[in-house]
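Residue numbers (full-length UniProt numbering), protein chains in the order written: chain A, 1 to 281; chain Y, 1 to 281; chain Z, 1 to 281; chain X, 1 to 281. Cβ coordinates follow ideal geometry from the N, Cα and C atoms, glycine included. Below is one structure, written out as structure tokens, with a few remarks after it.
Number of protein chains: 4
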Amino acid sequence: MKFKVHSTLEYQVLQPSTFILNIHALRTPTQTVLEESLVVDPEIRVEEFSSGPGANRFVRLEITEPVTFKIAYQATVEPVTQVIDLTPGMEPTPIMQLDASVLSYLNPSRYAQSDKLQRLASSKFDKYPGAFEKVLAITDWIYENVEYLSGSTNSQTSAYDTVSERAGVCRDFAHLGIALCRALSIPTRYFTAYAFKLNPPDFHACFEAYIGGNWLIFDATKLAPLNGLVKIANGRDAADVAVASIFGNVNCQNMRVGCETLEENFEPFYYNPNTLKALAY
Amino acid sequence: MKFKVHSTLEYQVLQPSTFILNIHALRTPTQTVLEESLVVDPEIRVEEFSSGPGANRFVRLEITEPVTFKIAYQATVEPVTQVIDLTPGMEPTPIMQLDASVLSYLNPSRYAQSDKLQRLASSKFDKYPGAFEKVLAITDWIYENVEYLSGSTNSQTSAYDTVSERAGVCRDFAHLGIALCRALSIPTRYFTAYAFKLNPPDFHACFEAYIGGNWLIFDATKLAPLNGLVKIANGRDAADVAVASIFGNVNCQNMRVGCETLEENFEPFYYNPNTLKALAY
Amino acid sequence: MKFKVHSTLEYQVLQPSTFILNIHALRTPTQTVLEESLVVDPEIRVEEFSSGPGANRFVRLEITEPVTFKIAYQATVEPVTQVIDLTPGMEPTPIMQLDASVLSYLNPSRYAQSDKLQRLASSKFDKYPGAFEKVLAITDWIYENVEYLSGSTNSQTSAYDTVSERAGVCRDFAHLGIALCRALSIPTRYFTAYAFKLNPPDFHACFEAYIGGNWLIFDATKLAPLNGLVKIANGRDAADVAVASIFGNVNCQNMRVGCETLEENFEPFYYNPNTLKALAY
Amino acid sequence: MKFKVHSTLEYQVLQPSTFILNIHALRTPTQTVLEESLVVDPEIRVEEFSSGPGANRFVRLEITEPVTFKIAYQATVEPVTQVIDLTPGMEPTPIMQLDASVLSYLNPSRYAQSDKLQRLASSKFDKYPGAFEKVLAITDWIYENVEYLSGSTNSQTSAYDTVSERAGVCRDFAHLGIALCRALSIPTRYFTAYAFKLNPPDFHACFEAYIGGNWLIFDATKLAPLNGLVKIANGRDAADVAVASIFGNVNCQNMRVGCETLEENFEPFYYNPNTLKALAY
Chain A
1 MKFKVHSTLE YQVLQPSTFI LNIHALRTPT QTVLEESLVV DPEIRVEEFS
51 SGPGANRFVR LEITEPVTFK IAYQATVEPV TQVIDLTPGM EPTPIMQLDA
101 SVLSYLNPSR YAQSDKLQRL ASSKFDKYPG AFEKVLAITD WIYENVEYLS
151 GSTNSQTSAY DTVSERAGVC RDFAHLGIAL CRALSIPTRY FTAYAFKLNP
201 PDFHACFEAY IGGNWLIFDA TKLAPLNGLV KIANGRDAAD VAVASIFGNV
251 NCQNMRVGCE TLEENFEPFY YNPNTLKALA Y
Chain Y
1 MKFKVHSTLE YQVLQPSTFI LNIHALRTPT QTVLEESLVV DPEIRVEEFS
51 SGPGANRFVR LEITEPVTFK IAYQATVEPV TQVIDLTPGM EPTPIMQLDA
101 SVLSYLNPSR YAQSDKLQRL ASSKFDKYPG AFEKVLAITD WIYENVEYLS
151 GSTNSQTSAY DTVSERAGVC RDFAHLGIAL CRALSIPTRY FTAYAFKLNP
201 PDFHACFEAY IGGNWLIFDA TKLAPLNGLV KIANGRDAAD VAVASIFGNV
251 NCQNMRVGCE TLEENFEPFY YNPNTLKALA Y
Chain Z
1 MKFKVHSTLE YQVLQPSTFI LNIHALRTPT QTVLEESLVV DPEIRVEEFS
51 SGPGANRFVR LEITEPVTFK IAYQATVEPV TQVIDLTPGM EPTPIMQLDA
101 SVLSYLNPSR YAQSDKLQRL ASSKFDKYPG AFEKVLAITD WIYENVEYLS
151 GSTNSQTSAY DTVSERAGVC RDFAHLGIAL CRALSIPTRY FTAYAFKLNP
201 PDFHACFEAY IGGNWLIFDA TKLAPLNGLV KIANGRDAAD VAVASIFGNV
251 NCQNMRVGCE TLEENFEPFY YNPNTLKALA Y
Chain X
1 MKFKVHSTLE YQVLQPSTFI LNIHALRTPT QTVLEESLVV DPEIRVEEFS
51 SGPGANRFVR LEITEPVTFK IAYQATVEPV TQVIDLTPGM EPTPIMQLDA
101 SVLSYLNPSR YAQSDKLQRL ASSKFDKYPG AFEKVLAITD WIYENVEYLS
151 GSTNSQTSAY DTVSERAGVC RDFAHLGIAL CRALSIPTRY FTAYAFKLNP
201 PDFHACFEAY IGGNWLIFDA TKLAPLNGLV KIANGRDAAD VAVASIFGNV
251 NCQNMRVGCE TLEENFEPFY YNPNTLKALA Y
């Protein structure tokens, strides 16, 4: 399935500032970037670099004097998702069998304090028979118990806050999902994306859980079809893969994000607890 | 029903220190203290005073040099409880009709941050038809979702912590109950007591909610019969009515607490959601 | 010194709502309300009542259907302040000598978690010789270390947040001052006021510390002269004496507050660490 | 300089459990492990693996039935430290020039919430002329303002707590140092070690800051000479490189740690603000 994605960010820079942006579609064996462009207006030199486990793609630019500028990314991307048939009651992968590269996704992180939510996670989700069922129950629980409310949280909000305050945006839903999964010893990573049919359009965040040898996608917001995502980055949480990290004094003036499909036969895919069919990117 | 209550506290004082203790049974129109005594060994002058809305009874003593001392209280107390027949679906008293002295029990307090738990409280308990049903559902929810675990919390633990960490002792159960009720605009106050059949024996804490013109007793720990309490104090939370407030450098060496009934026909009373019979002290 | 004070609050009520407002000038032996009026437009029945230790004056009104209304208070008030000459190095009043009505102002409260700031308070302020010097050092420390920044905090922000985040408004400055004083066993209470020369005009909050038998006024914001205050209320913290407590669904549309002196010879009074002259209301 | 290091951990396993331990001395171009051994008693199969940016060395073992076991590591290690002469007032490396592998050490992490301490860090440390001076001032500030107090914190304690509560152990001192440095845009990483002359003997934690192209070592506890460390691991904070991560039900029965030098001419090295000589491992 091919998607056309784009994002435009406009900033007013008040003092010399450095930007690190993470808005490029990720290139992976299962996601091909067919074409892309990045335009900065007025023209400013931009450095692209990769970092982190999945070689997330960042750009870095330095603004030395006050200016208002716009940075526009667009791409045509073809992610190939795989439908995984799961067997009921499949246990989480034993810690002893997890690859070293996966183990760190069990650790608590800035916005996903799994160490503080052990008892909650166990009492609510131990009863589900397998790893997939547990994570599905976690996303359902978040969906039912946390209100999606724009503006209710900020960049300092973490899973520990959300579990009490019960409101947030996609970032908060993802962090809470991650924290609860890790508390059950299921490795989980943050996933940022362009999302088809997301309304209102914005950057999206959800998460992947490591089950049966695959990183399966989960989205507690249920705001976009699971097969409508174009991956930007993976990280332990939003601290690793913020859309924009800004060092300086800057106002964000405007942000527009979009994701459309280029084909007609898009069939939205959501999880169904009865079929045990999961999706991997 | 008459109860014999006693408590003995033993402290090692390392430096000059002042103690404020709140261990006397409260005298109220419905609770008679038939006899009582307070013994300090070695003899130290103790000042008794009353303070706060219900005239809670405190003692204050000053130790000017290092010593180990023991303070022992015992009393025979006769609380008279009243069984209140409620009608189903009775609304919380409208704010406009609450007496000024009751209104302050709607405010958030140190250990009961009702302002931070509004959304949680509404989403879980708005659906219950009346005030009594709501508070009963709150105590059941706490009982089912928070583990009673000695030593899991400390004097700084608050309802906001407990709602995430899901473990605590009677004090934490009471604070969470108070916070959730206030978040629903039901006035609620902290209630400390000697409790019959509490095991292991200790000072107990639960709470009263103001419903239909009465302060009804609730206990989310379900560790003692609701009619087996000898009230020590009411307050907004444990900050008002700590068993011991100590200014100085002191080790608590030992604490023994007990409560026995003097009659044979004690019939334990617990709430039953079907009968709508409540208890007021 | 006579002051003319006024405040106008305008609300859009979306659903049936109840308001409790605390905007009346307090009547005390040292503060005379010479004349006052309260006008609600459109006309809505308002109930005035007093509550709390200092008999704070509240009004309560209930709006049963959607409406936009305005409530305007104005008064001429004559507070008489007393200048207290202190002796250097005067100790805090021993706990044993504090009146029962004062003791509760040593307890931690919702927004002033003195129990969590003991070590900070001791390490920074134990070294100052007397109670007044300590509290003055606390206000100076807050003034120098916390940035006054409108909009940086909200109604859930507490002293524990402010000590780390280092920004806030008058309410936050007061809460931090209160928490640090109580951590040093100096009784302290929240003080809301109309403030002369406050810029921009708004309701003001500062605090009183109990020293040498008097409640002395302190203001860590240094935004208004200490003798330019018209007291509205005392409380343990903002939980007791919020300007507006609203139960319902309401937008605040507008708020105007003012305080002018009616005399010409106003001489602003601020503390001077060398003179040890303090002010009591 | 050669060191002999050893650690022995003894656990009582109550239920099937998996351990991940991080107690091996790290092998780096500047740290040679001359010999080492790991003994588990009773014999249990142990798997060694490397993970993370510096290839930290972990062992993993699975215990399938209740047992008490002991794991003992010992090694002879030769770290070569480099003394770096700094020029006064050297700026932090501009963000634009930081290698991608270093950038992630600017992000907030589980125990080092640099995003919440920006204002505090700026107000206290912006005034120091260069990056080294700033970090040195941070370590001095922590040393002076935080009390080293065994048992005052636990595995959930973070820099945000410590900045208010002002007590902790080496782990907490390191986390606070890391958070404050990152808040000033100085990359910083957690550093665990065997430490010569540490008293009482234990695993040690301090941190490295990236200044002038080198990772310089800093220790806010001042409990061990800076040149007396044998590096175990680097990570973003303790979440990455816990000495022991345990999945299961286990009691730690005993822990012994030691570090001795094998040479006689050990000259302890500490920083001196006047000489601007720093140390890199």
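Of the choices the options, whose alpha-carbon is the least far from that of residue i?
i                      : options                           : result
residue 297 of chain Z : Z/E35, Z/E43, Z/T68 and Z/F58     : Nothing can be reported for residue 297 of chain Z: it is not among the residues displayed for chain Z, which extend from 1 to 281.
X/D140                 : X/Y271, X/S17, X/V33 and X/S51    : X/Y271
Y/A278                 : Y/L226, Y/Q12 and Y/R236          : Y/L226
Z/I246                 : Z/L117, Z/F196 and Z/L14          : Z/L14
Z/N274                 : Z/R27, Z/P94, Z/S37 and Z/A137    : Z/A137
A/L229                 : A/V146, A/Q82 and A/K124          : A/Q82
residue 292 of chain Y : Z/F269, Z/I20 and Z/K231          : Not covered by the structure: residue 292 of chain Y. The range shown for chain Y is 1 to 281.
X/A100                 : A/S101, A/G52 and A/P94           : A/G52
A/P144                 : A/G168, A/D126, A/A209 and A/S123 : Here residue 144 of chain A turns out to be Glu, not Pro, going by the sequence shown. The candidate whose alpha carbon is nearest that of A/E144 is A/G168.
Z/L276                 : Z/K197, Z/S150, Z/Y190 and Z/K134 : Z/K134
residue 291 of chain Y : Y/S50, Y/L98 and Y/A25            : Nothing can be reported for residue 291 of chain Y, as the shown portion of chain Y is limited to 1 through 281.
X/L120                 : X/Y160, X/I211 and X/E264         : X/Y160
X/L34                  : X/Q12, X/P79, X/R60 and X/R45     : X/P79
Z/Y92                  : Z/S114, Z/S164, Z/N251 and Z/D126 : Position check: residue 92 of chain Z holds Pro in this sequence, whereas Tyr was assumed. The residue with the shortest Cα to Cα distance from Z/P92 is Z/D126.
Y/E165                 : A/P94, A/F3 and A/Q113            : A/Q113
Z/R182                 : Z/S150, Z/V146, Z/F196 and Z/R236 : Z/R236
Check whether the Cβ of residue i lies closer than 7 Å to any Cβ atom in chain X.
i      : result
Z/Y111 : no
Z/V67  : no
Z/V241 : no
Z/V80  : no
A/S51  : yes
A/N107 : yes
A/T18  : yes
Taking only beta-carbon atoms, is residue i less than 7 Å away from chain Y?
i      : result
Z/N274 : no
A/Y160 : yes
A/V169 : no
Any Cβ of chain A within less than 7 Å of the Cβ of residue i?
i      : result
Y/R166 : yes
Y/L120 : yes
Y/V59  : no
Y/V163 : yes
Could you confirm whether any beta carbon from chain Z is found closer than 7 Å to the beta carbon of residue i?
i      : result
Y/E10  : no
Y/S7   : no
Y/F207 : no
#### Entry: Interface residues of the segment 32-49 of chain X facing chain A [CB-CB below 9 Å]
If the cut-off is 9 Å between Cβ atoms, the segment 32-49 of chain X has E47 and F49 near chain A.
### Query
Should the segment 153-167 of chain A be regarded as contacting the segment 125-141 of chain A, the criterion being three or more beta carbon pairs within less than 8 Å?
The segment 153-167 of chain A is not in contact with the segment 125-141 of chain A.
### Query
At which residue ranges does the segment 172-214 of chain Z contain complete beta strand (DSSP E) runs of 3 or more residues, listed in the order of the chain?
Listed in chain order, the complete beta strand (DSSP E) runs (minimum 3 residues) inside the segment 172-214 of chain Z are 188-195 and 203-211.
### Contact the segment 254-267 of chain Y vs the segment 196-214 of chain Y: 3+ CB pairs below 8 Å
In short, these stretches touch, since the Cβ pair count reaches three.
### Message
Does the segment 173-181 of chain X come into contact with the segment 214-234 of chain X, if we say contact requires no fewer than three beta-carbon pairs (one atom in each stretch) closer than 8 Å?
### Response
Yes: the two stretches touch, three or more of their Cβ pairs being nearer than 8 Å.
### Task
Report the residue ranges of all beta strand (DSSP E) runs contained in full by the segment 9-51 of chain X; include only those spanning at least 3 residues, in chain order.
Uninterrupted beta strand (DSSP E) stretches at least 3 residues long and entirely within the segment 9-51 of chain X occur at 17-21, 31-41 and 47-51, given in chain order.
### Task
With a floor of 4 residues, list each alpha helix (DSSP H) that falls wholly inside the segment 102-131 of chain Z, ordered by position along the chain.
Counting only unbroken stretches of 4 or more residues, the alpha helix (DSSP H) elements lying wholly within the segment 102-131 of chain Z are 118-125, in sequence order.
### Task
Decide if the segment 63-74 of chain X is in contact with the segment 1-8 of chain X; the criterion is three or more beta carbon pairs, one per stretch, under 8 Å apart.
Segments in contact, yes.
### Task
Compile a chain-ordered list of the residues in the segment 114-144 of chain Z whose CB is closer than 7 Å to at least one CB of chain X.
Within the segment 114-144 of chain Z, the residues whose Cβ lies closer than 7 Å to any Cβ of chain X are, in chain order, K116, L117, R119, L120 and S123.
### Task
Take every Cβ of the segment 179-190 of chain Z, pair it with every Cβ of the segment 98-116 of chain Z, and state whether three or more of those distances are shorter than 8 Å.
When Cβ pairs closer than 8 Å are counted between the two stretches, the segment 179-190 of chain Z is seen to touch the segment 98-116 of chain Z, the count reaching three or more.
### Task
Go through the segment 70-95 of chain A residue by residue and report every complete run of the alpha helix (DSSP H) that reaches 4 residues or more, in order.
Fully enclosed alpha helix (DSSP H) runs of 4 or longer: not present.
### Message
Under 7 Å, CB to CB, which of the residues in the segment 179-194 of chain A have a partner in chain X?
### Response
Answer set for the segment 179-194 of chain A: S185.
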